[in-house]
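> Plus 201 on top of the position in the sequence shown (first one is 1) and you've got the working numbering. Once you've had a glance at the structure underneath, I'll fire off some questions.
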Amino acid sequence: MIAQKTRSGQSGNYTKKLTLISDAWHPQVNGVVRSIENTNAELDKMGVQITMITPDMFRSVPMPTYPEIRLALASYGHVARLIEASTPDYVHIATEGPLGFKARKWCLKNGMPFTTSYHTRFPEYVSARAPIPKDWLYKFVRNFHNSGNGCMVATDSLEQELRERGIKNLMRWGRGIDAEHFHPQPQEEKPFGLERPIFLTVARVAVEKNLPAFLELDLPGSKVLVGDGPARKALEEKYPDTYFAGQLSNGKLAAAYAQADVFVFTSKTDTFGNTTIEALASGVPVAAFPVTGPRDILDGHEEAGALDEDLKAACLKALDCSREKARALAEEFSWEAAARQFYDNMIEAHDRPSERS
202 MIAQKTRSGQ
212 SGNYTKKLTL
222 ISDAWHPQVN
232 GVVRSIENTN
242 AELDKMGVQI
252 TMITPDMFRS
262 VPMPTYPEIR
272 LALASYGHVA
282 RLIEASTPDY
292 VHIATEGPLG
302 FKARKWCLKN
312 GMPFTTSYHT
322 RFPEYVSARA
332 PIPKDWLYKF
342 VRNFHNSGNG
352 CMVATDSLEQ
362 ELRERGIKNL
372 MRWGRGIDAE
382 HFHPQPQEEK
392 PFGLERPIFL
402 TVARVAVEKN
412 LPAFLELDLP
422 GSKVLVGDGP
432 ARKALEEKYP
442 DTYFAGQLSN
452 GKLAAAYAQA
462 DVFVFTSKTD
472 TFGNTTIEAL
482 ASGVPVAAFP
492 VTGPRDILDG
502 HEEAGALDED
512 LKAACLKALD
522 CSREKARALA
532 EEFSWEAAAR
542 QFYDNMIEAH
552 DRPSERS
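Structure (structure tokens):
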């Protein structure tokens with residue numbers, strides 16, 4: 202018998218069955234994993250039965266330059282048998298990794314419509330680590346996503362960018378926030394034992410997150426970095442004036458957010474930035490570059506945060522923003538609404554004629 206991780210709920214006389222394949226899963230802590238988890242929880246309430254196919258079901262090896270990410274050593278036959286055993290009505294492939302490609306092959310071979318999602322700027326991620334032209338990598342990404350019936354993206358600006366790159370059948374899948382877990386809390390005089398104002402960022406400590414853009418800033422008060430990753434040791438040695446809190450989770454993470462005076466989002470390559478709305482929900486104004494993700498969230502909400510090509514200027518502007526306006530903006534984001542978008546997308550895509558390119 203093939204082991205599967207399945208959750209189910211009932212809706213009417215028939216339970217829709219979704220098989221979701223992702224190369225990003227526990228023990229990874231990132232926006233892809235959180236987005237899938239929260240969407241799954243809401244889909245379950247809607248009566249969708251979900252079977253996950255993830256790296257922890259196979260032997261795996263650490264990803265070069267990023268050992269926290271495990272690459273599944275799965276044969277095509279093994280992945281095919283898991284999909285077939287799940288008898289899906291719908292298939293969603295979340296990532297362009299080893300499992301994602303094998304699931305894509307099965308769908309194309311069996312005439313099964315499927316959707317994908319664009320969580321990570323794969324070309325930028327790879328080119329930051331290896332001398333491979335981004336144009337080659339975008340051709341690879343385009344071929345992967347255009348073989349499906351719909352590619353889900355989180356924001357307007359990302360949709361426009363990918364359309365210009367030749368990716369078709371783009372569909373919106375937003376993000377949400379657990380506004381009960383992330384919420385304003387009483388302010389300590391010296392959080393982390395540090396002087397205010399507290400400028401905080403939460404991120405994987407890796408090259409693609411552009412963390413030196415924050416760590417090098419001359420700011421009043423104190424800088425705090427929450428997170429772990431392959432670049433942590435080197436950055437700790439280079440920036441001794443920053444407090445490295447390590448990886449925090451659950452209540453400790455929520456408490457850390459709530460103690461910040463400004464949340465600093467450094468990445469220029471993220472497709473959304475879940476940490477941005479976690480900070481806003483905690484009542485913390487955001488400072489960021491005017492790029493995909495922060496721009497989509499903060500445009501038109503200048504009292505909740507600041508965007509500037511000069512990150513120091515954004516940080517100082519954000520000090521004067523409103524904690525109440527930050528919280529109010531976060532309350533506009535709902536995982537229930539995001540899951541409804543996902544559900545509607547998979548129904549629409551399933552009935553859409555395929556466009557192969």
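Cβ coordinates follow ideal geometry from the N, Cα and C atoms, glycine included.
Identify which residue in 430, 481 and 394 has its Cα closest to the Cα of residue 534.
Here residue 534 corresponds to residue number 333 of the sequence shown, with the count starting at 1. The candidate whose alpha carbon is nearest that of residue 534 is 481.
> Going by CA-CA distance only, name the one from 467, 530 and 222 that's closest to residue 492.
Reading the sequence shown from its first residue, position 291 is the one you call residue 492. Per the Cα distances, 467.
> Going by other Cβ atoms of all chains shown within 10 Å of its Cβ, with 16 needed for buried, is residue 543 buried or exposed?
Start at 1 with the first residue of the sequence shown, and residue 543 comes out as number 342. With 16 or more other Cβ atoms within 10 Å, it is buried.
> Please name the residue in 526, 432 and 514 whose C-alpha comes closest to that of residue 504.
The count along the sequence shown starts at 1 and reaches residue 504 at position 303. When only C-alpha atoms are compared, the closest one is 526.
> Assuming residue 358 is part of the alpha helix (DSSP H), what are its boundary residues?
For this step, residue 358 is matched to residue 157 along the sequence shown. 357 to 365 is the extent of the alpha helix (DSSP H) around residue 358.
> Could you pull out every residue in the same chain whose Cβ sits closer than 7 angstroms to the Cβ of residue 226, ignoring the five residues on either side in sequence?
Start at 1 with the first residue of the sequence shown, and residue 226 comes out as number 25. The residues are 234, 255, 256 and 257.
> Locate the beta strand (DSSP E) running through residue 262, then write down its first and last residues.
In the sequence shown, residue 262 corresponds to position 61, counting from 1. Looking at the DSSP string, the run of the beta strand (DSSP E) that includes residue 262 is 261 to 264.
> Pick from 553, 311, 548 and 331: whose alpha carbon is nearest that of residue 285?
Indexing the sequence shown from 1 puts residue 285 at position 84. For the residues 553, 311, 548 and 331, the minimum Cα distance to residue 285 belongs to 311.
> Would you call residue 289 buried or exposed, if buried means 16 or more other Cβ atoms sit within 10 Å of its Cβ?
To locate residue 289, count along the sequence shown from 1; it is residue 88. When all chains shown are included, residue 289 counts as buried.
> Using DSSP with H/G/I as helix, E/B as strand and the rest coil, what is residue 384?
Here residue 384 is taken as the residue at index 183 of the sequence shown, counted from 1. Note: residue 384 maps to coil in three-state DSSP.
> Can you name, in chain order, every residue of its own chain whose Cβ lies under 6 angstroms from the Cβ of residue 430, other than the five neighbours on each side?
In the sequence shown, residue 430 corresponds to position 229, counting from 1. Excluding positions up to five away in sequence, the list reads 405, 406 and 407.
> Specify the secondary structure class of residue 303 as computed by DSSP and reduced to three states.
Translated into positions along the sequence shown, residue 303 becomes position 102. Three-state result, residue 303: helix.
> Closer than 6 angstroms by C-beta to residue 449: which residues in its own chain qualify, once you throw out the five before and the five after it? Chain order, please.
Within the sequence shown, the letter at position 248 stands for residue 449. The residues are 427 and 457.
> Between the Cα of residue 402 and those of 517, 337 and 476, spot the shortest distance and give me the residue it belongs to.
Counting from one through the sequence shown, the residue named residue 402 turns up at place 201. Nearest option by C-alpha distance: 476.
> Which partner residues does residue 563 have in the DSSP bridge list?
Since the first residue shown for the chain is 202 and the last is 558, residue 563 is missing from the structure and cannot be characterised.
> Select from 339, 351 and 383 the residue whose C-alpha is nearest the C-alpha of residue 362.
To locate residue 362, count along the sequence shown from 1; it is residue 161. Selected option, being the one with the closest Cα: 339.
> Please report the straight-line C-alpha distance between residue 545 and residue 498, rounded to a whole angstrom.
For this step, residue 545 is matched to residue 344 along the sequence shown. For this step, residue 498 is matched to residue 297 along the sequence shown. Rounded to the nearest angstrom, the two C-alpha atoms are 23 angstroms apart.
> Alpha carbon to alpha carbon, what distance is there between residue 389 and residue 395?
Translated into the one-based positions of the sequence shown, residue 395 becomes position 194. Translated into the one-based positions of the sequence shown, residue 389 becomes position 188. Answer to the nearest angstrom: the Cα atoms are 10 angstroms apart.
> Below 6 angstroms CB to CB, which residues in the same chain sit around residue 518 once its five sequence neighbours on both sides are set aside?
Indexing the sequence shown from 1 puts residue 518 at position 317. Taken in chain order, the residues that qualify are 507.
> Distance check for residue 521 and residue 379, CA to CA, integer angstroms please.
Walking along the sequence shown from the start, residue 379 turns up at place 178. Walking along the sequence shown from the start, residue 521 turns up at place 320. The alpha-carbon atoms of residue 379 and residue 521 are separated by roughly 26 angstroms.
> Using a 10 Å radius around the Cβ and a threshold of 16 neighbouring Cβ atoms, would you call residue 303 buried or exposed?
Along the sequence shown, one-based indexing puts residue 303 at 102. Per the 10 Å Cβ criterion, buried.
> Run the CB neighbour count on residue 205, radius 10 Å, all protein chains shown included, and call it buried at 16 or more, exposed below.
Numbered from 1 along the sequence shown, position 4 holds the residue referred to as residue 205. The pLDDT assigned to residue 205 is 38, lower than 50, so where the model puts this residue is not dependable, and the model offers no usable value.
> The beta strand (DSSP E) spanning residue 371 covers which residue range?
Residue numbering aside, residue 371 sits at position 170 when the sequence shown is read from its first letter. Segment 371 to 373, the beta strand (DSSP E) holding residue 371.
> Skipping 5 residues on each side, what residues in its chain have a beta carbon closer than 8 angstroms to that of residue 354?
Your numbering for residue 354 matches position 153 in the sequence shown. The residues are 318, 319, 360, 363, 371, 372, 373, 374 and 472.
> How many whole angstroms separate the CB atoms of residue 271 and residue 262, which I take to be in contact at a CB cut-off of 8 angstroms?
Position 70 of the sequence shown, counted from the first residue, corresponds to residue 271. Position 61 of the sequence shown, counted from the first residue, corresponds to residue 262. Their Cβ separation, rounded to whole angstroms, is 7 angstroms, which keeps residue 271 and residue 262 in contact under 8 angstroms.
> Between residue 273 and residue 514, what straight-line distance do the alpha-carbon atoms span, to the nearest angstrom?
Counted from its first residue, the sequence shown places residue 273 at position 72. Counted from its first residue, the sequence shown places residue 514 at position 313. Going from the Cα of residue 273 to the Cα of residue 514 covers about 43 angstroms.
> For residue 452, count neighbouring C-beta atoms within 10 Å of its own C-beta (all shown protein chains included) and say buried if the count is 16 or more, exposed if not.
Sequence index remark: in the sequence shown, residue 452 carries index 251 (1-based). Residue 452 should be labelled exposed.
> Just curious, the beta strand (DSSP E) that residue 476 is in, first and last residue?
Position 275 of the sequence shown holds residue 476. Here residue 476 belongs to no beta strand (DSSP E); instead the alpha helix (DSSP H) covers 475 to 482.
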